[in-house]
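Peer 1: Just so you know, we're using my numbering here: the sequence shown kicks off at 56 and counts up by one.
Where is the CB? At the ideal position from N, CA and C, for every residue including glycine.
What you are looking at is a predicted structure, and each value in this text was computed from that prediction instead of being measured.
Have a look at this one before I ask anything.
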Amino acid sequence: AEIIYTRRFTDHHRFSQQEIINTINQSIKLGAEAILTTEKDAVRFPFIERLDIPILFMRVEIEMFTGEEEFMDWISRICFKNHRAA
């Protein structure tokens, strides 16, 4: 596969129908065979009634090779710290 067009949005972006339509139109114009996004972003796409190009998504997973226990401890300290008033 060859990447022929990219479009970046901020994290947690709420996509408008027009943004998706513009992306579809530009992708087709450039000869793309499909549009690829992440699963995380795909769930925020509005419904579009177009079947002229497939919109595919990929699941992204993180695997830690070292330091997983330390990382989880750090996350726990941040997320679950005691917020008692003095």
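#1: Residues in its own chain within less than 6 Å of THR121 by CB, not counting five upstream and five downstream?
#2: Is PHE112 helix, strand or coil by DSSP?
#3: Specify whether the stretch 109-117 and the stretch 86-98 touch according to this definition: at least 3 beta carbon pairs, one from each stretch, less than 8 Å apart.
#4: Can you find the residues in the same chain that come closer than 8 Å, C-beta to C-beta, to HIS68, ignoring five residues on each side of it along the sequence?
#5: So if DSSP puts LEU91 in a beta bridge, which residue, or which two residues, is it bridged to?
Peer 2: Here's the rundown:
#1: The residue given as residue 121 occupies position 66 in the sequence shown. Once the five neighbours on either side are set aside, THR121 has no close Cβ partner at all.
#2: Locating residue 112 in the sequence shown gives position 57, where the first residue counts as 1. Of the three classes helix, strand and coil, the one that applies to PHE112 here is strand, per DSSP.
#3: yes
#4: Here residue 68 refers to the residue found at position 13 when the sequence shown is read from its first residue. The answer, listed in chain order, is ASP96, ARG99.
#5: Locating residue 91 in the sequence shown gives position 36, where the first residue counts as 1. Beta-bridge pairing links LEU91 to LEU111.
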